[in-house]
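Top to bottom, those sequences are chains A and B. For the first sequence, the working numbering assigns the number 173 to the initial residue and increments by one for each residue that follows. For the second sequence, the working numbering assigns the number 173 to the initial residue and increments by one for each residue that follows. By construction, the Cβ of each residue, glycine as well, lies at the ideal position given by its N, Cα and C atoms.
Number of protein chains: 2
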Amino acid sequence: MSPVKGGIDLGGTKVLAVVVGPGSRVVGEAKRPTPREGRPSDVVAQVAATMQEAADAAGVSVESLSGVGVGSPGVIDAEAGTVSGAGNLPGWEGTHAMAPELSEMLGGVTVKLGNDVQVAVDGEYALGAGRDSSSLLGVWWGTGVGGGIILNGRPWVGRGAAGEIGHVVVKRGGARCTCGRNGCMEAYAGRGAMEIEARRLYKRGRDTELFEIMEKRGRERLQSGVWARALERNDPLAVKLIDRAVNALGAGVASVVNVLDVETVVVGGGLGSRLGAPYVERIRAAMLPHLFASERPADVVLAELGDRGGAVGASLLVGRRPARRRRTAAAG
Amino acid sequence: MSPVKGGIDLGGTKVLAVVVGPGSRVVGEAKRPTPREGRPSDVVAQVAATMQEAADAAGVSVESLSGVGVGSPGVIDAEAGTVSGAGNLPGWEGTHAMAPELSEMLGGVTVKLGNDVQVAVDGEYALGAGRDSSSLLGVWWGTGVGGGIILNGRPWVGRGAAGEIGHVVVKRGGARCTCGRNGCMEAYAGRGAMEIEARRLYKRGRDTELFEIMEKRGRERLQSGVWARALERNDPLAVKLIDRAVNALGAGVASVVNVLDVETVVVGGGLGSRLGAPYVERIRAAMLPHLFASERPADVVLAELGDRGGAVGASLLVGRRPARRRRTAAAG
């Protein structure tokens, strides 16, 4: 089998493709914008073109890759090769068979799908901040709060939807979440929910520079850099909402650690990576009052792989045996 | 290897020992009270005597057993064979090497230790309500709320303290838990915490038959049967506190299902088993508003093995290879 494989991070804004050689060293890379309009097949065509461009940069043909792994938003059925309900991608409310279509566009190369957060966490486990741990919880703090789980060195995906740590309840009867439920961790800590709350309070006359910073940067959303800048300026609303987010993350992540007793928690995602180590330390401190085995807390560390982490992590899907999902034999 | 093995459920009130043959059929059984005074060695001696009595009942010698599994309260170090901080057992605040001591008392037979809740959940997985599932969450609803996890057919114990679902936070800044933290699921749903709240409200003059029922039964605690009787009589305080417990269990167990995406949730424990199927159904309903993959919820079912479940589950520890707990090789 060729030691060279492909990895793709399919996001709502951009497609990043890498070709990795032995030891997951990146030997070619390409980046293209994700189509904002059209149908799922248009997105898949852009993914194929980006992979092709990365292969060209590496000086290899796509047909020579031992496989291509894709980290995708939405609900993944790895066996069927389908992606469902990827709301960030144009026209992708339903189910689309991405893997066979992409494989055909890439001359028949094997395509494996994984959840975008899970593959990024896999990358941190194999090559990054989790490389000395055998069990890991990834906390991807961005527009939402995603999670990825590694137990005994293998991703745990349950029936395909494990790791939804954003929807751990931190306050029964609490704030409305963008998912429609109440009291989820993401309702306090997700950048999307934080922006809704900031806009609501701003309209009510609350003093803040958040929207001024946003406009100066030519943005329409409170992206991670906007929050970071406002915190640097000690903006009271930004400080208040980030404090609230950190406290929710503390309670919710501690709850998950109480259940899984993992060795390490890796914090990544757009906001996590942007705010960096001082905020990882604050999350760690906010977890402590809720940790059951508090005399021996999990390590809480910042993700290390940066922008390429998702694509490199996706390449690890290639050649991995699929997770068992059905009972094979009775114990006893 | 002999197909006959021993299993012991070491509880705060009683020691139950079984001898099981092929197919985990119980061929001998004995029950003795747990010592209320003395030192850990006195408890271990009583455990040994109970096991001996069960072997006599089965017509076998303890030396002929292929091993003895023990489900114990406290923090278990399976490798070292120690139990620490078993507050329900006399003089057991520290660490005691139960496995080697019990082995010596039983003529050198191999002794394996497990967490009491985890082994009961293992039993339900192998032989009871979870026998058709490959992934399982056990919710043991009693004085506290304990948990046990089976993933891909194997117990997940983390670094030894996984499954502490009672200390999942359901309300940040919420009720004080008996563990000293705030807002834990157990602070609302544990029978211990419920009794503290009932006594507080009763002293303030709240109308309830709970304590009358307790006294009539010659009890000093609000045991599960007392709650069940009060609910039958539609006692308003019992109804209110059980509703509160069910709602907390709904949020907390749903949070764990959002993280693990298991196929099945098995509800057991003293209160869970006593209140039975109608309350399991109520917990299932209370989970729904918080489930992320709500179109495909986990099954929620009542434990099936009854009083012997813990001892039979403990016998499954014999002959099982130990869970890997250290990283053995880097992925990539």
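Report the residue from B:312, B:330, B:293, B:223 whose alpha carbon sits nearest the alpha carbon of residue 250 of chain B.
-> Position 78 of the second sequence, counted from the first residue, corresponds to residue 250 of chain B. For the residues B:312, B:330, B:293, B:223, the minimum Cα distance to residue 250 of chain B belongs to B:330.
Distance between beta carbons of residue 422 of chain B and residue 459 of chain B, contact taken as under 8 Å | By one-based count along the second sequence, residue 459 of chain B stands at place 287. By one-based count along the second sequence, residue 422 of chain B stands at place 250. Sure, about 5 Å apart at Cβ, within 8 Å.
So which residues on chain B does residue 328 of chain A lean against when the C-beta distance must stay under 8 Å?
-> Start at 1 with the first residue of the first sequence, and residue 328 of chain A comes out as number 156. Near residue 328 of chain A (Cβ distances below 8 Å), the residues of chain B are 323, 432.
Report the partner residues of residue 201 of chain A according to the DSSP bridge assignment.
-> Mapped onto the first sequence, residue 201 of chain A falls at position 29. Looking at the DSSP assignment, residue 201 of chain A forms a beta bridge with A:190.
State the Cα-Cα distance for the pair residue 233 of chain A and residue 240 of chain A, rounded to the nearest angstrom.
-> Taking the first sequence and counting its residues from 1, one reaches residue 233 of chain A at position 61. Taking the first sequence and counting its residues from 1, one reaches residue 240 of chain A at position 68. Cα to Cα, the separation comes out at about 12 Å.
Residue span of the alpha helix (DSSP H) that contains residue 222 of chain A, given as start and end | Position 50 of the first sequence holds residue 222 of chain A. 212-230 is the extent of the alpha helix (DSSP H) around residue 222 of chain A.
Any 3 or more C-beta pairs closer than 8 Å across the segment 217-236 of chain A and the segment 254-263 of chain A = no
Could you check if residue 177 of chain A is buried or exposed, using at least 16 other CB atoms within 10 Å of its CB as the buried criterion?
-> Here residue 177 of chain A refers to the residue found at position 5 when the first sequence is read from its first residue. When all chains shown are included, residue 177 of chain A counts as buried.
Cβ-Cβ distance between residue 432 of chain B and residue 334 of chain A below 7 Å | Here the question's residue 432 of chain B lines up with position 260 in the second sequence. Here the question's residue 334 of chain A lines up with position 162 in the first sequence. Yes, they are a contact pair.
Does the ligand HEM have even one heavy atom less than 6 Å from the beta-carbon of residue 361 of chain B?
-> Questions concerning the ligand HEM fall outside what the structure shown contains, since it holds no ligand whatsoever.
Contacts of residue 307 of chain B in chain A (Cβ-Cβ under 7 Å) = Within the second sequence, residue 307 of chain B is the residue found at index 135, counting from 1. Ordered by position in chain A, the residues that pass the 7 Å Cβ test against residue 307 of chain B are 330.
Which of the residues in the segment 447-467 of chain B, read from start to end, lie with their CB under 7 Å from any CB of chain C?
-> Going by chain labels, chain C is absent from the structure shown, which instead holds the protein chains A and B.
Neighbouring residues, chain A, relative to residue 353 of chain B (Cβ below 7 Å) | Within the second sequence, residue 353 of chain B is the residue found at index 181, counting from 1. Simply 461, 462.
With DSSP collapsed to three states, give me the class of residue 477 of chain B.
-> Position 305 of the second sequence, counting from 1, holds the residue named residue 477 of chain B. Of the three classes helix, strand and coil, the one that applies to residue 477 of chain B here is coil, per DSSP.
Which chain A residues are close to residue 343 of chain B, counting only those with a beta carbon under 7 Å from its beta carbon?
-> Here residue 343 of chain B refers to the residue found at position 171 when the second sequence is read from its first residue. Correct list: 343, 344.
The alpha helix (DSSP H) with residue 289 of chain B in it runs from where to where?
-> As a working note, residue 289 of chain B is residue 117 in the second sequence. Taken as a continuous stretch (DSSP letters only), the alpha helix (DSSP H) holding residue 289 of chain B covers 288-299.
Residue 342 of chain A beta carbon less than 7 Å from that of residue 341 of chain B = Taking the second sequence and counting its residues from 1, one reaches residue 341 of chain B at position 169. Taking the first sequence and counting its residues from 1, one reaches residue 342 of chain A at position 170. In this structure, residue 342 of chain A lies closer than 7 Å to residue 341 of chain B by Cβ.
Determine which residues share a DSSP beta bridge with residue 240 of chain A and list them.
-> The residue labelled residue 240 of chain A in the question sits at position 68 within the first sequence. In the DSSP output, where bridge partners are listed per residue, residue 240 of chain A has A:178, A:283.
Kindly identify the DSSP beta-bridge partner or partners of residue 327 of chain A.
-> Indexing the first sequence from 1 puts residue 327 of chain A at position 155. Beta-bridge pairing links residue 327 of chain A to A:322.
Counting along the chain, where does the alpha helix (DSSP H) carrying residue 340 of chain A start and finish?
-> The residue you call residue 340 of chain A lines up with position 168 of the first sequence. Counting along the chain, residue 340 of chain A falls outside any alpha helix (DSSP H), and DSSP gives it neither H nor E.
Verify whether the separation of the beta carbon atoms of residue 179 of chain A and residue 487 of chain A is less than 7 Å.
-> Taking the first sequence and counting its residues from 1, one reaches residue 179 of chain A at position 7. Taking the first sequence and counting its residues from 1, one reaches residue 487 of chain A at position 315. Cβ atoms of residue 179 of chain A and residue 487 of chain A: closer than 7 Å.
Boundaries (first-last residue) of the alpha helix (DSSP H) holding residue 399 of chain B = On the second sequence, residue 399 of chain B is found 227 positions in, with the first residue counted as 1. Where residue 399 of chain B is concerned, the enclosing alpha helix (DSSP H) stretches over 396-404.
Residue 417 of chain B CB to nearest chain A CB: under 7 Å?
-> Your numbering for residue 417 of chain B matches position 245 in the second sequence. Chain A, which has no Cβ nearer than 7 Å to the Cβ of residue 417 of chain B, makes this no.
Shorter than 7 Å from the beta carbon of residue 337 of chain B to some beta carbon of chain A?
-> The residue labelled residue 337 of chain B in the question sits at position 165 within the second sequence. With a threshold of 7 Å between beta carbons, residue 337 of chain B makes contact with chain A.
Are residue 300 of chain A and residue 243 of chain A closer than 7 Å when you measure CB to CB?
-> Looking up residue 300 of chain A in the first sequence gives position 128. Looking up residue 243 of chain A in the first sequence gives position 71. Contact annotation: residue 300 of chain A and residue 243 of chain A have beta-carbon atoms that are not nearer than 7 Å.
Buried versus exposed call for residue 190 of chain B [16 or more other C-beta atoms within 10 Å across all chains shown] = In the second sequence, the residue the question calls residue 190 of chain B occupies position 18. Counting C-beta atoms within 10 angstroms of its own C-beta, residue 190 of chain B has 16 or more neighbours from the protein chains shown and is therefore classed as buried.
6 Å Cβ shell around residue 420 of chain B - same chain, five flanking residues per side excluded | Position 248 of the second sequence, counted from the first residue, corresponds to residue 420 of chain B. So the qualifying residues of the chain are 342, 357, 360, 361.
Using the beta-carbon count (16 or more within 10 Å), is residue 502 of chain B buried or exposed?
-> On the second sequence, residue 502 of chain B is found 330 positions in, with the first residue counted as 1. Reliability of the predicted coordinates at residue 502 of chain B is poor, the pLDDT of 40 falling under 50, and no value is obtained from them.
Residue 428 of chain A touches chain B at which residues, Cβ-Cβ below 9 Å?
-> Position 256 of the first sequence, counted from the first residue, corresponds to residue 428 of chain A. Per Cβ cutoff of 9 Å: 340, 427, 428, 431.
Burial state of residue 316 of chain B, where buried means 16 or more other Cβ atoms lie within 10 Å | On the second sequence, position 144 is the one that residue 316 of chain B refers to. Burial call: buried.
Which residues in the same chain as residue 434 of chain B place their Cβ atom closer than 7 Å to its Cβ, once the five residues preceding and following it in sequence are excluded?
-> Position 262 of the second sequence, counted from the start, is the residue given in the question as residue 434 of chain B. 307, 308, 309, 470.
Could you tell me which residues DSSP puts in a beta bridge with residue 248 of chain A?
-> The residue labelled residue 248 of chain A in the question sits at position 76 within the first sequence. DSSP output for residue 248 of chain A lists A:255 as bridge partner(s).
Per-residue burial, residue 457 of chain B [other beta carbons within 10 Å of its own, 16 or more giving buried] = By one-based count along the second sequence, residue 457 of chain B stands at place 285. Its Cβ having fewer than 16 others within 10 Å, residue 457 of chain B is exposed.
Residues of chain B with CB under 8 Å from residue 334 of chain A, in chain order?
-> One-based indexing of the first sequence puts residue 334 of chain A at position 162. Result: 431, 432, 433.
Rounded C-beta distance between residue 206 of chain A and residue 261 of chain A? I'm assuming under 8 Å.
-> Reading the first sequence from its first residue, position 34 is the one you call residue 206 of chain A. Reading the first sequence from its first residue, position 89 is the one you call residue 261 of chain A. Confirmed, about 7 Å.
Within the segment 390-454 of chain B, ranges of the beta strand (DSSP E) (whole runs, at least 3 residues) | 436-440
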